[in-house]
Amino acid sequence: APSWKASKTNNWVVEIEPQWKGGWDESKGDEGLLATFKELAPKNNFKDVRSLMDGNPVFGEECGFTDPKGKPSEPPSDGTATFSRGIVHAGPCEIWLDDKMVLQNDDCQSAYGDGTQQTIAVFKPVDYSSCAAGGCMLRFYWLALQRLKGKTVWQAYKNCIPLTGPAGGGASQQDPATGGGSDTSQKNPDEDPSQQDPATGGGSDTSQKNPDEDPSQTSPSTGDSSKKEDSDKEEGSDKKEDSDKMEGGSKSDTPSGGEQQTPEAPSNPAPETPSNSAPETPPADTPEMAPAPAPSSKCNGRRRRRY
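When we follow the numbering used here, the leftmost residue of the sequence shown carries the number 149, and every step to the right adds one.
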């Protein structure tokens with residue numbers, strides 16, 4: 149929708165007498181007016197309606213009542229442009245996108261109107277693809293030819309509407325740098341093996357596997373295989389040292405993967421001395437610690453006599 153310099157209106161900008169001298173007043177009906185215009189156009193070096201109106205103050209202010217510096221509008225995606233009311237007068241009209249004319253007709257009433265203001269005029273087809281990605285200016289021109297009180301008048305209609313860009317974004321908008329199109333960095337690693345880079349977090353990381361599920365994964369999750377070699381060396385050294393020190397006795401139960409340099413005590417300690425074992429013979433200088441004679445000593449004496 150256009151922005152307005154003052155208030156919204158669909159009126160002509162100026163109503164003036166014909167700028168080309170000829171038999172206008174003798175023209176009969178719309179067909180006669182169109183015929184006269186067509187006859188006089190070459191004699192007046194007519195190129196297009198825009199060239200006729202732009203830069204000529206007789207046709208009123210540039211862009212008419214619309215504000216060319218207003219908020220840009222999104223162009224229609226169906227290739228149309230809509231006038232706010234019906235086209236009710238004969239005469240040529242044009243639509244421009246910047247400096248390119250994208251629609252033209254010598255008689256807009258017969259092409260886009262039914263003679264009533266109630267039926268809104270829809271101009272088509274309008275190709276918006278030439279609009280720059282950064283936006284463009286849509287310009288509408290209509291030179292209405294009318295008879296009033298037996299006299300012919302020209303009515304000038306001019307509108308300017310800034311657009312955001314081509315309709316639907318346009319092919320020029322599909323740029324990965326601006327977010328359009330596909331970005332390979334967004335692919336699913338499962339769908340694109342090239343994206344499975346452990347350094348970027350994609351794909352599988354062997355350091356995260358379960359050693360029970362992958363026999364080759366025997367190193368810690370950090371992936372440092374030197375620790376495993378050190379563990380093997382220490383384990384072999386400990387076993388050899390244990391064998392030398394424990395020769396002739398029971399082997400220790402020291403874990404093969406331990407880091408300690410000396411074996412631990414056997415896990416099965418030697419049985420303790422029975423509590424009823426005979427006490428050691430005390431030294432001679434301690435008679436007070438001598439045990440009392442056993443009650444069965446007399447019996448032992450009798451046995452000796454028999455022998």
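The C-beta atom is built at its ideal place from N, Cα and C for all residues, glycine as well.
- In the structure shown, residue 314 adopts coil according to DSSP, grouped into three states.
- According to the DSSP secondary-structure assignment, residue 286 is paired through a beta bridge with 245, 309.
- Residue 186 has its alpha-carbon roughly 15 Å from the corresponding atom of residue 252.
- When DSSP states are grouped into helix, strand and coil, residue 175 belongs to the coil group.
- In this structure, DSSP gives residue 214 an extended state, which the three-state scheme calls strand.
- Collapsing the DSSP output to three states places residue 198 in a helix.
- If you ignore the 5 residues before and after residue 206, its C-beta comes within less than 8 Å of the C-beta of 162, 164, 167, all in its own chain and listed in chain order.
- CA-CA distance, residue 155 to residue 314, rounds to 28 Å.
- In this structure, DSSP gives residue 299 an extended state, which the three-state scheme calls strand.
- With fewer than 16 neighbouring CB atoms inside 10 Å of its own CB, residue 192 falls in the exposed class.
- Secondary structure of residue 163 (DSSP, three-state): strand.
- In the structure shown, residue 231 adopts coil according to DSSP, grouped into three states.
- Taking the Cβ atoms as the reference, residue 201 lies roughly 19 Å from residue 269, outside the contact range of under 8 Å.
- Counting only residues of its own chain and dropping the five nearest sequence neighbours on each side, residue 254 has a CB closer than 6 Å to the CB of 240.
- Within the DSSP secondary-structure output, residue 253 pairs in a beta bridge with 241.
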